[in-house]
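Student: First, the structure itself, so that you have it in front of you.
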Amino acid sequence: DAGVIQSPRHEVTEMGQEVTLRCKPISGHDYLFWYRQTMMRGLELLIYFNNNVPIDDSGMPEDRFSAKMPNASFSTLKIQPSEPRDSAVYFCASSFRLAGYIDEQFFGPGTRLTVL
Amino acid sequence: AQTVTQSQPEMSVQEAETVTLSCTYDTSESDYYLFWYKQPPSRQMILVIRQEAYKQQNATENRFSVNFQKAAKSFSLKISDSQLGDAAMYFCAYFGGGSEKLVFGKGTKLTVNP
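These protein sequence lines map, in sequence, to chains G and H.
Residue numbering for the first sequence follows my numbering, starting at 419 and increasing by one per position.
Residue numbering for the second sequence follows my numbering, starting at 13 and increasing by one per position.
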């Protein structure tokens, strides 16, 4: 398996522009997580999905952020409009769960976002 | 809410020596999972080792082992025979208590000196 795939790996944009980050989870995984990592705040969970349904979006910083998972193999995180404080590394992770067993979360390589 | 504390922002070790990274957590649950993730400069998050709370035996993975003290809520990572490739940020993480979220510590930056 190719692992969790994220695109783009790097994104540089100007303030006010729309940014879309993409993620393809590992096939068969039923959980998908979006994280943001900054020096100041560390790793923050933004939102997660189970079977394509958003379960908890309490970590989404504000209405400028939105996430979708239209099918089991694809998710997007959108920021509109973007601001310089959104500059961070954004990770997507996926996992699966069976009764009585919790698998690890497998992380993608991350997208480094820079908003000028 | 569960919290994870890594009290050592930075650590250093000489190549071939042993180093221990500390992690404590706060929970009222009895059934949970603990993880150590490694993040090298490539920024890829890689699972190093996991521990199920119901298991009394400490997990080991080659040169990596943990000291799991359930009563003390402590979960330290020991790296033996440190190698240059072990240089990375190490994150301790907690999963359990009915939550489906991983709770991460702030991380410890490990430097390996040749």
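Note that beta-carbon positions come from the ideal geometry of N, C-alpha and C, so glycine has one too.
(1) Quick test of your reading: Y49(H) and L33(H), contact by CB under 8 Å. State the CB separation rounded to the nearest angstrom.
(2) Taking only beta-carbon positions, decide if S54(H) is within less than 9 Å of chain G.
(3) Report the three-state DSSP secondary structure of G119(H) (helix, strand or coil).
(4) Enumerate, from N- to C-terminal direction, the unbroken beta strand (DSSP E) stretches of 3 or more residues contained entirely within the segment 61-113 of chain H.
(5) In the DSSP assignment, the beta strand (DSSP E) including F47(H) goes from what residue to what residue?
(6) Kindly indicate if chain G contains any beta-carbon less than 9 Å away from that of G119(H).
(7) Closest to E64(H) by CA distance: which of V78(H), Q51(H), S92(H) is it?
(8) If we call anything under 9 Å between Cβ atoms a contact, is F467(G) one with F509(G)?
(9) Determine the chain H residues that contact G528(G) at a beta-carbon separation under 7 Å, and present them in chain order.
Tutor: Concretely, from the data shown:
(1) For the purposes of this step, residue 49(H) is identified with residue 37 of the second sequence, where counting begins at 1. For the purposes of this step, residue 33(H) is identified with residue 21 of the second sequence, where counting begins at 1. Actually they do not touch by this definition, with Cβ atoms about 12 Å apart.
(2) Translated into the one-based positions of the second sequence, residue 54(H) becomes position 42. Judged by the 9 Å Cβ criterion, S54(H) is in contact with chain G.
(3) By one-based count along the second sequence, residue 119(H) stands at place 107. Three-state result, G119(H): coil.
(4) 76-81, 86-91, 100-108
(5) Here residue 47(H) is taken as the residue at index 35 of the second sequence, counted from 1. Note, F47(H): beta strand (DSSP E), 44-51.
(6) As a first step, residue 119(H) is located in the second sequence; it is residue number 107 there, counting from the start. For G119(H), the answer is yes, since a Cβ of chain G falls inside 9 Å of its Cβ.
(7) Numbered from 1 along the second sequence, position 52 holds the residue referred to as residue 64(H). Nearest of V78(H), Q51(H), S92(H) to E64(H), Cα basis: V78(H).
(8) To locate residue 467(G), count along the first sequence from 1; it is residue 49. To locate residue 509(G), count along the first sequence from 1; it is residue 91. Not closer than 9 Å, so no.
(9) Here residue 528(G) refers to the residue found at position 110 of the first sequence. Listed by position along chain H, the residues whose Cβ is nearer than 7 Å to that of G528(G) are R55.
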